[in-house]
Each structure stands twice: as C-alpha cells, then as structure tokens.
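This report concerns only the one structure given below.
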Amino acid sequence: MIFEILAIGLIVSAVLALFLDEIVYSVAALSGVFVFTAIIYLLNGAIFAAIFQFVVGIGTLAVLFLSGEMLGEKPSRKFSPLRTAGLIGAGFLLSLPAIFLSVSTPSPVGSGVALSDALWNLRGVDVLLQGLLILTIALGIIIVLYERRKK
Amino acid sequence: MDFVILSLVMLAIGIYGLLTNRQLLKVFISLELIATAATIDFVMLASTMGLGMGEALLILAFSVDTAISAVILALLVIVSKRYGTSDLSKIIEQMRQKEETEVDEQ
Chain S
851 MIFEILAIGL IVSAVLALFL DEIVYSVAAL SGVFVFTAII YLLNGAIFAA
901 IFQFVVGIGT LAVLFLSGEM LGEKPSRKFS PLRTAGLIGA GFLLSLPAIF
951 LSVSTPSPVG SGVALSDALW NLRGVDVLLQ GLLILTIALG IIIVLYERRK
1001 K
Chain A
241 MDFVILSLVM LAIGIYGLLT NRQLLKVFIS LELIATAATI DFVMLASTMG
291 LGMGEALLIL AFSVDTAISA VILALLVIVS KRYGTSDLSK IIEQMRQKEE
341 TEVDEQ
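The listed protein sequences correspond, in order, to chains S and A. For the first sequence, my numbering gives the first residue as 851, with consecutive numbering after it. For the second sequence, my numbering gives the first residue as 241, with consecutive numbering after it.
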C-alpha cells in the first residue's frame, strides 16, 4: 500500500513541477519528486541509491531555487486553486497504470553481486568520474572566458 | 505495483513537458524528470534482482546527471542574460531578427 501512495505522490509532484505557472512552486514540487524517489529506493533496500538521490536532489534544488529567482518571469495568470486541483487529479489518473498494470520483469540470475563487491569490481569508474569532473570544470571555464571576451 | 510502468509514465510526462514548455527552466525540469525516470528503472530492477552492480553504476549515472545539469544551467543563465528573457519563443524570435539584420547589413 505504501508503494502505491508513493507512486501517486511521485507522479502528482512531477505533473505539478511541469505545469505550475510560478517557477518557485515548480521547484518546490520537484523537491517532492526527489523525496518520493529517495523514499521508494529506501523502502526497496537500495539505501545508497536513496542517499545519493537525496544529496544530489538537494544540490539541484538549491541551484534551481537561485536560478528560478534570478531568471523566472512573472506568470501571466494568477495562482488558481481550481487549476492546481485539476493538475493533482490528472497526476492521480496518470499514476493509475503504474498501480494496476504490470509487465513481466526478468527473474534473478545466479546469486547476484553485493554492492561492496560491485564497487570494487568497478573501481575504474572512479577514474571516469574524475575525468568527467575535469571536463565539466573545463567547460565552465571556457563558457566564462568566452563571455568575458565577448564583453 | 510496477516500477517499470511508473518510470515509463514519468518518462512520458518529462518528454511531454520537454516538447510543450516554453520556459527554459521548465525545459530543465523536464530533463530532470526524464533522468529521474531512467534512474528509477535502473535502481528498482537492480535491487529487485539483487544486483549490487546497479547501485554502483548509479553513482556514475548521478555524477553524469549532475555534470549535465551544471552545464545546462550555466548555458541557460548566459542565454537569459544575453536575450533578456527565458522564453524560448522570444529568444528564437530575437535570434531570427538578429540574423535578418546581419544579412541586410551584408
């Protein structure tokens, strides 16, 4: 029952995040998406995934709140409770297929690999992540320098 | 309760938002929803099958997602500052006008 409630919350938050006019309310709804996703992971036993989702979500939300305040334009129409209720209803309807339908998923093959073993086997990923970080920093520097040169 | 269908619904909502929204920040939120849909599918299948590899690879997926978000947000701020708006249709209109004036000058 708890998973069904979380699924409804997740889809309703996603719909509200996309279709609310005020950008700050959209970001608040997006925080609901991250929190519900983290709880789903946690209840399914993927504790590390839940922690990562939560931490990354908080970072993204902080940046989005700031940029939403900086860049967000005033919405053309005012906040309407009726429209919000309609969006919540639409989200509820959209979550029904996930609750009542099911597809066949492959059954577990072998005994599986523990997370610690998987992390050890994939230790090359660390190098990849460092490369990605350096690439992102380089891109950021290029963008900043390009803008300064333009000015 | 099926997480594959849940992630598919999330993916559909994200793609719909990506195609219909005009605000740049809403487009970014749509991309976040698409990324979340992908990670839900990834983690839930891995954890139901008892594969730790899924969670380990999720670290890579999150890092890539965060790096992409940072670059997209940087570009978004630059575009918004340059054109004075975060509305996609207005930005495209201004770009066309700029191109037309450049062609006329030539």
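Just so it is clear, CB atoms sit at the ideal spot from N, CA and C, and this is done for glycine as well.
When the alpha-carbon of K924 (chain S) is set against those of S:L868, S:A857, S:E872 and S:N971, the nearest one is in S:E872. Three or more beta-carbon pairs separated by less than 8 Å are not found between the region 974-991 of chain S and the region 926-937 of chain S, which leaves the two stretches without contact. Rounded to whole angstroms, the Cβ separation of L313 (chain A) and S966 (chain S) is 34 Å, and the two are not in contact under 8 Å. For the C-beta of L880 (chain S), the chain A residues within less than 7 Å are, from N- to C-terminus, I269 and E272. Contacts with chain A at 8 Å (Cβ-Cβ) include E923 (chain S).
Residues of chain S whose Cβ lies closer than 8 Å to the Cβ of G292 (chain A) are, in chain order, G962, V963, A964, L965, S966, D967, A968 and L969. At a cut-off of 8 Å, the C-beta of I318 (chain A) has a neighbouring C-beta in chain S.
Taking 8 Å as the cut-off, the beta carbon of G859 (chain S) is found no closer than this to the beta carbon of G895 (chain S). Taking the beta carbon of D281 (chain A) as reference, no residue of chain S falls within 9 Å; the closest one sits roughly 10 Å away. Pairing L246 (chain A) with I274 (chain A) gives a Cβ-Cβ distance that is not under 8 Å. Within chain S, the residues placing a beta-carbon under 7 Å from that of G257 (chain A) are L868, ordered along the chain. Pairwise C-beta distances place the region 292-299 of chain A out of contact with the region 258-277 of chain A, as fewer than three of them are shorter than 8 Å. The DSSP-derived three-state label of D242 (chain A) is coil.
For F902 (chain S), the closest of A:G290, A:F302, A:V317 and A:E342 by C-alpha to C-alpha distance is A:F302. Between the region 861-869 of chain S and the region 935-945 of chain S there are three or more C-beta pairs closer than 8 Å, enough to call the two in contact. Look at the region 899-980 of chain S and you find no whole run of beta strand (DSSP E) that is 3 residues long or longer. For the 8 Å CB-CB criterion, F268 (chain A) and L316 (chain A) form a contact. The Cβ atoms of A948 (chain S) and A857 (chain S) sit closer than 8 Å to each other. Residue contact with chain A for G990 (chain S): present (Cβ-Cβ distance below 8 Å to some residue of chain A). Within the same chain, Cβ atoms closer than 7 Å to the Cβ of A286 (chain A) are found at M293, G294 and E295, the five residues on either side in sequence being excluded. E295 (chain A) belongs to the set of residues whose beta carbon lies under 8 Å from a beta carbon in chain S. Rounded to whole angstroms, the separation of the alpha carbons of I332 (chain A) and E854 (chain S) is 42 Å.
Between the alpha carbons of N261 (chain A) and Y875 (chain S) lies a gap of roughly 16 Å. Burial state of G257 (chain A) is buried, judged by a 10 Å Cβ sphere holding 16 or more other Cβ atoms.
Distance from V865 (chain S) to L937 (chain S) at the Cβ level is roughly 5 Å; contact confirmed, criterion being Cβ atoms closer than 8 Å. Residue contact check for F898 (chain S) against chain A: a CB pair falls below 8 Å.
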